[in-house]
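Engineer: As given, the protein sequences belong to chains Z and R, one line each in that order. Be aware that the first sequence starts at 1, since it is given in this note's numbering, and climbs by one per residue. Be aware that the second sequence starts at 1, since it is given in this note's numbering, and climbs by one per residue. Take this structure first; my questions come after.
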Amino acid sequence: MEKLLLILVVVLAIVGLAQLAKVYQITSELNKKREEDISPTSTKVNANLLLIFMIAFFAFFIWQTVEYWGVLLPEPASEHGVETDRLFNINWLILIPAFFLVNFLLFYFSWKYAYDAKRKALYLSHNNTLELIWTIIPSIVLVFIIVYGLITWNKIMGEPSEDAIAIELYSKQFDWTARYAGADDALGEASYTMITGPNPLGLITNEGIQEKLEELSLEIEQMEKMLVEEILPDSRVKEIKEKIGMRTRQRSKVLNYLESKRDFNTAKDDITVKGEMHIPLGKEVNFQIRSRDVIHSAYMPHFRAQMNAVPGMTTQFKFVPTITTAEMRTKLQDPEFNYILLCNKVCGSAHYNMQMAIVVDTEEDYQLWLAQQKTFVEAPVENAPGDTTVAQADSTLVASEAELIEEESKVAVK
Amino acid sequence: MGATSHAHTEEHAHHHHEESFVSKYVFSQDHKMISKQFLVTAILMALIAMMLSVFFRLQLAWPGESFGILNYFLGDRWAPDGVLDRSMYLSLVTIHGTIMVFFVLTGGLSGTFSNLLIPLQIGARDMASGFLNMLSYWFFFVSTIIMVASLFVESGAAGAGWTVYPPLSALPQAMPSSGLGMTLWLISMAIFVASSLLGSLNYIVTILNLRTKGMKMTRLPLTIWAFFVTAVLGVLSFPVLFAAVLLLIMDRSLGTSFYLSDIYIGGEALDPVGGSPVLYQHLFWFLGHPEVYIVLLPALGITSEIIATNSRKPIFGYRAMIGSLLAIGFLSFIVWGHHMFMSGMNPFLGSVFVFTTLLIAIPSAVKAFNYITTLWKGNLVLTPAMLFSIGLVSTFVTGGLTGIILADSALDINVHDTYFVVGHFHIVMGLSAIFGMFAGVYHWFPKMFGRMMNTKMGYLHFWLTIIGGYGVFFPMHFVGMAGAPRRYYQYTDYPMFEGLTDLNVLITYFAIMAAFAQGIFILNFFWSAYRGQKAVQNPWKSNTLEWTTPVEHMHGNWPGAIPEVHRWPYDYSKPGKELDYVPQNVPLEVGEEEH
């Protein structure tokens, strides 16, 4: 009923408007009024509206700035953030006056020179001096903006210092894992071919290589057995053969690690955490950013930091945190406040909720916290509740086997 | 070649043989009919895309709330109990962007006005190849149908954002909408590129070869210059998109690894090794940035013409306007990397792109100041087209200034992919370019349909649109500076974004208002096309050649010989002349300086 009423209202509105237009059309024809003849009243009304609009627009801008100042990001919590914010403000100091000036000239002229039958427009085709002025002045301003911007950029993106702490940010749909180097101060190597349920980052250890090889061999063997022993539909046979191919190729990649005869020791003492990570105050942190599946982006707005996580390569971003979480909570008078790491590159349906809290500790607190964490060998990463992608996916094969057996038994019964 | 086709069409024009319905209205090779076909298709597509945007704005303002209208349109599959599904949210955002950028602002804007105005303003009987022109429209039509059809796919329309970055767009395991929906997106895009290339080639050839006697390049209206540069940009950049799309299709279906490497997804370590997702971004943005100007330049050209005509004053700095068009066109090819500062691209390369990008501000500033100087001491006839042109200059300046922030890589770190970006490019493309399109429709409607649009409704449409438009996109800069990322289904999981709720509600109210305002335009458009006041030959007292053709459309455009051109198109209010305009086909008097 409601829908019907709504449709009725819309239809009536359209009919009403059409009738109005018709009446207008007929009366204007009677008055011999042509659409292209803009009456002095129309000119005046629109000219005044242009001026009013300008004032309202400027007021809207100022109101928003005042009203929403509080929801903007708080002061930067990193060394380079202070510089980018300064750069930001200096840019605004140039751009906002330009915004007001140019918009003012535009709307003011539109109002002032609105049509008047008694006046004739000025025939002015060009003026080289004027044009030179507004080519050169923006050029000079832009040179300043470019040079200042690039100096800041190069400082931020320069090589990390020798004693920077390397922390890996590992992303997948839809969470983050942080990995610390552990006692040996080195992040162990990792590969997507080594990923298992208890090893979601695919860290490479000597034992891990053996286990993975065995696991893959067993899987391949099982699937080959299925092909020989069971009678399967063609599509299923093709699917299994493809899987065998994939697993075989994966196995040969893992085999390369074994044959390289290298000693993979560095990953053993690595520490991985989820949900919340800690970083020390005043130390340069060099984030090594990786992704397992699609592009994500590590966005840490309070630190003015961002870098994409790209599958197949490691990207990096470094900064020095300058305000501890506790200090920031006092400053903002918000005991709940947390720094945050967000995903800022669309990565799938739950993209909007792929976050991790970041805690900035004093050096002592940081060391204390780190000492409490278990290493990779002591306690492999537990999947957070809800993060069942790995386990689920690994079991798909088993599950579909079960389905098949069920189907077969049905056939047998018939 | 030019001469023979002239002779042919002239002969054609004299025959007046009756055409069948199909060859006149459907598979027409007449540029004026094709232009109308483009325009009507684009309006319908814009309506669809606008509706999608209202749907996701509802979710952004009132996350998780139930809306009957969502359930009505999207059904139980995508809006169970009236709550928008989160995968569908991404599909809506993606298809909204794709339709607006490609089908409305590229196909719609260039397709309509390049087709209508190029032959009429340069004094040609028709396009160089009417057949290719017809193909261009029908390829466009097919691609729009495929794109709209993808909305009805069970696994959802493409949802990886309008830029469809792989691996997300390459792997159905990553999101279901990267399955059939994405395949349709890619097919539609490939066909669209073909349409765009056919059109652009035709525009270039026509402008270079079919100008009437006396129509030197330095006497071309700025509209034609803008369409010319746009067409060149299209011809050079769209093939790269085609390549990008083709490689993505191969990665998806043929097992290649151009964009994929080291991926573990859905419990499988995938085979591809050695590809790079960043390669796709380079290819995409090599089109993507010129694309911004493919969208904007025609709007600027249209505005130049309308501002000069309605200011009753020559456009200020004609040569500087052409120079800045060429400069923007050239620079637009060497700035694509500014979309990729955070992509993992070498930061030094980023520096180069900062430099080239900020250079674009210089020709843009020249354009803005020249527009304003044209208004200065003019005698402004405030038609709806003129108001939209003034609106265009305002939004072009506002959007251009925030572009300077985004081009500065050090600042981009913190606003990249936030609502600041959404606000910026919507003010430039969603307002400036759209305003240019509206201005063009109001101005050349009498040429297209032989009737006038209703002026009063035009005013109402303009005022509601500029208020609604700024109301929607201006506050987005604040949302972005608060750190809110784009393409988020909801912000309720973050205490830091609580303060933005009422701003998001405000934006949605403005969006609904602006959407309703477009209803006025649609009504005015279709009403006037059939019932509007009959137009006179030159209603705006304009100088350009299209107003020397008869009101009723005819093949070959001019009943007799094509007029000869003797002067530039901007002789408005020339001293010593009785009227305040002197059409281009009026010979110079003895001793009269050209300008």
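We treat Cβ as the ideally placed atom computed from N, Cα and C, and that holds for glycine.
Tell me which residues of the region 389–401 of chain R have at least one Cβ-Cβ distance to chain Z shorter than 8 Å, keeping chain order.
Structural biologist: Flagged, chain order: I390, V393, S394, V397, T398, L401.
Engineer: Please name the residue, chosen from F316/R, L349/R, F140/R, that lies closest to V107/R on a Cα-to-Cα basis.
Structural biologist: Correcting the residue identity first, residue 107/R is Gly in this sequence and not Val. Measuring from the Cα of G107/R, the nearest candidate turns out to be F140/R.
Engineer: Check whether the region 126–145 of chain R touches the region 21–32 of chain R, counting contact only when three or more Cβ pairs, one atom from each stretch, lie closer than 8 Å.
Structural biologist: Because the criterion of three Cβ pairs below 8 Å is met, the region 126–145 of chain R and the region 21–32 of chain R touch.
Engineer: Is L257/Z close to chain R, meaning its C-beta is less than 8 Å from at least one C-beta of that chain?
Structural biologist: The amino acid at residue 257/Z is misidentified as Leu; the sequence shows Tyr. Not closer than 8 Å to any Cβ of chain R, the Cβ of Y257/Z fails to qualify, so no.
Engineer: Measuring CA to CA, which of T27/Z, Q250/Z, N206/Z is closest to K261/Z?
Structural biologist: Selected option, being the one with the closest Cα: N206/Z.
Engineer: If you count every other CB in all the chains shown that lies within 10 Å of the CB of I307/R, and 16 or more means buried, which is it?
Structural biologist: Buried, because 16 or more other Cβ atoms sit within 10 Å of the Cβ of I307/R.
Engineer: R119/Z touches chain R at which residues, Cβ-Cβ below 7 Å?
Structural biologist: Within 7 Å Cβ-Cβ: N379.
Engineer: The region 153–180 of chain Z: which residues have C-beta closer than 9 Å to a C-beta of chain R, in chain order?
Structural biologist: Listed by position, the residues of the region 153–180 of chain Z near chain R (Cβ gap below 9 Å) are W153, N154, K155, I156, M157, G158, K172, Q173.
Engineer: With 8 Å as the limit, tell me which residues of the region 24–40 of chain Z have their beta carbon closer than that to any beta carbon of chain R; keep them in chain order.
Structural biologist: Within the region 24–40 of chain Z, the qualifying residues are Y24, Q25, S28, E29, R34, E35, E36, I38.
Engineer: Out of S364/R, I122/R, G350/R, which has the shortest C-alpha to C-alpha gap to L297/R?
Structural biologist: It is S364/R whose Cα lies nearest to the Cα of L297/R.
Engineer: Helix, strand or coil for T65/Z? Go by DSSP, reduced to three states.
Structural biologist: Three-state DSSP puts T65/Z in a helix.
Engineer: Leaving out the 5 sequence neighbours to the left and right, which residues in its chain are closer than 7 Å to Q533/R when beta-carbon positions are compared?
Structural biologist: Excluding sequence neighbours, Q533/R sits near R451, M452.
Engineer: Identify each residue in the region 134–145 of chain Z for which the Cβ-Cβ distance to at least one residue of chain R is less than 7 Å, and report them in chain order.
Structural biologist: The residues in question are W134, T135, P138, S139, L142, I145.
Engineer: Consult DSSP for I224/R and reduce its assignment to one of helix, strand or coil.
Structural biologist: The answer is helix: DSSP assigns I224/R an H, G or I state.
Engineer: Could you tell me the boundaries of the beta strand (DSSP E) in which W176/Z lies?
Structural biologist: Residues 175–180.
Engineer: So, does the CB of S53/R fall closer than 8 Å to a CB anywhere in chain Z?
Structural biologist: Not one chain Z Cβ lies under 8 Å of S53/R.
Engineer: V193/R and F238/R look like a contact to me (Cβ under 8 Å); what is the Cβ gap, rounded to whole Å?
Structural biologist: Yes, V193/R and F238/R are in contact; Cβ-Cβ is about 5 Å, under 8 Å.
Engineer: Distance, Cα to Cα, S66/R vs N353/Z?
Structural biologist: The straight-line gap from Cα to Cα measures roughly 21 Å.
Engineer: Going by the DSSP bridge assignment, what does R290/Z pair with across the sheet?
Structural biologist: Y170/Z.
Engineer: In whole angstroms, what is the alpha-carbon distance linking V23/Z and G400/R?
Structural biologist: Taking the straight line joining both Cα atoms gives about 43 Å.
Engineer: Hey, which unbroken runs of the beta strand (DSSP E) at 3 residues or more fall wholly within the region 389–450 of chain R?
Structural biologist: Qualifying beta strand (DSSP E) stretches: none in this window.
Engineer: Taking C-beta pairs closer than 8 Å, name the residues in chain R that L341/Z reaches, listed in chain order.
Structural biologist: Within 8 Å Cβ-Cβ: nothing; L341/Z doesn't reach chain R, min ~11 Å.
Engineer: Against chain Z, with Cβ distances strictly below 8 Å, would S114/R count as a contact?
Structural biologist: Taking Cβ atoms only, chain Z never reaches closer than 8 Å to S114/R, which makes this a no.
Engineer: Among S191/Z, N91/Z, P233/Z, I271/Z, whose alpha-carbon lies nearest the alpha-carbon of N256/Z?
Structural biologist: Per the Cα distances, S191/Z.
Engineer: What is the DSSP secondary structure of M277/Z, counted as helix, strand or coil?
Structural biologist: Note: M277/Z maps to strand in three-state DSSP.
Engineer: Which residues in chain R have a C-beta closer than 7 Å to the C-beta of P301/Z? List them in chain order.
Structural biologist: Per Cβ cutoff of 7 Å: N414, G483.
Engineer: Kindly say whether K32/R, judged by its beta-carbon, lies nearer than 8 Å to any beta-carbon of chain Z.
Structural biologist: By this cut-off, K32/R is not an interface position.
Engineer: Is the Cβ-Cβ distance between I413/R and A305/Z less than 8 Å?
Structural biologist: For I413/R and A305/Z, yes; Cβs fall inside 8 Å.
Engineer: Once DSSP output is grouped into helix, strand and coil, what is the label at P40/Z?
Structural biologist: P40/Z falls in the helix class under three-state DSSP.
Engineer: If you run the structure through DSSP and keep just helix, strand and coil, what is P76/Z?
Structural biologist: P76/Z: coil per DSSP, three-state reduction.
Engineer: Quick one: which chain R residues come within Cβ less than 8 Å of M307/Z?
Structural biologist: Within 8 Å Cβ-Cβ: M342, G344.
Engineer: Leaving aside the five residues before and after G97/R along the sequence, list all residues of the same chain whose C-beta is less than 6 Å from its C-beta, in chain order.
Structural biologist: Cβ neighbours of G97/R beyond the five flanking positions: W162.
Engineer: Around the C-beta of N48/Z, are 16 or more other C-beta atoms found within 10 angstroms, so that it is buried, or is it exposed?
Structural biologist: Exposed is the call here.
Engineer: To which residues does DSSP link I358/Z through a beta bridge?
Structural biologist: Bridge partners of I358/Z: M277/Z, Y339/Z.
Engineer: Within 10 Å of its beta-carbon, does Q37/R have 16 or more other beta-carbons around it, so buried, or fewer, so exposed?
Structural biologist: Result: buried.
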